[in-house]
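Read the structure below first, then the notes.
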Amino acid sequence: MGYASRSGRARTSPSGPQAHAICDRCGFRYNHIDLQWQFDWRGATLQNTRVLVCDRCNDDQQQQLRAIVIPADPVPIMNPRVQDFVAASTTRRTTSGQDTVDFWTGIPIPGDDTRITQDDRTRVPQQTGAPPGSLNEQPGTDPNAPGNDDPGLPYENTDVPETGPL
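By the UniProt record's numbering, the letter at position 158 of the sequence shown is numbered 158, and the numbering carries on one by one without gaps.
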């Protein structure tokens, strides 16, 4: 008949007694002094999870639980000067040709030419509305835009296309 020690993996000595304890993860008996607390990341710091484990069961800290520490924003400056993007933007486009020369400095100035459509309407990069009474009071309601004469189905379809079973 075999013999199994009730001490498990703990050391028992009558001359230097030590307390026994059970590992919270594997359930084996060890000396209490050999067990250690399990730590894991909670935000930016390691925190004790209050699980007392043996050396074999002690896990490495999970780096994916670690908070990403973003550095602080730079200190703002006094009296910043930002570019005036509204004044710098334009709906006019520079075309080649029609160059002029400044009378006082002699520096060549490229000519600006307003782009127009085939029906002599001013071409702008994006419709943004117009004064009351015009045909374009709301953004995106240009009656001359393709498809705006019939707000129904696109591409001259007469019925809703069927996609079939999915």
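Where is the CB? At the ideal position from N, CA and C, for every residue including glycine. Here the structure is a predicted model, which means the values were calculated and not measured.
Tell me whether the beta-carbon of residue i lies closer than 7 Å to the beta-carbon of residue j.
i, j, result
"residue 180", "A67", "Any question about residue 180 goes unanswered here, given that the chain covers just 1 to 166."
"F28", "G8", "yes"
Count the other C-beta atoms from every protein chain shown that fall within 10 angstroms of the C-beta of residue i, then say buried if there are 16 or more, exposed otherwise.
i, result
"C54", "buried"
"T26", "Looking at the sequence itself, residue 26 is Cys, so the reference to Thr does not match. Classification for C26: exposed."
"A10", "buried"
"L35", "buried"
"W104", "exposed"
"Q126", "Because Q126 sits at a pLDDT of 49, beneath the cut-off of 50, its placement in the model cannot be relied upon, and the following sentence gives the value as read from the coordinates. Per the 10 Å Cβ criterion, exposed."
Output needed for residue i: all residues of its chain with C-beta closer than 6 Å, excluding positions within five of it in sequence on either side, in chain order.
i, result
"H32", "A19, A21"
So, helix, strand or coil for residue i, using DSSP?
i, result
"V82", "coil"
"A21", "strand"
"S15", "coil"
Give me, in chain order, the residues of the same chain whose beta-carbon lies closer than 8 Å to that of residue i; leave out the 5 immediate sequence neighbours on both sides.
i, result
"L52", "A21, C23, D24, L35, Q36, W37, Q38"
"T49", "W37, Q38, F39, D40"
Residues in its own chain within less than 7 Å of residue i by CB, not counting five upstream and five downstream?
i, result
"D59", "Q38"
"Q47", "F39, D40"
"A72", "none"
"V69", "A44"
Contained beta strand (DSSP E) runs [length at least 3] in the region 30-72, N- to C-terminal order: Listed in chain order, they are 36-42, 45-53.
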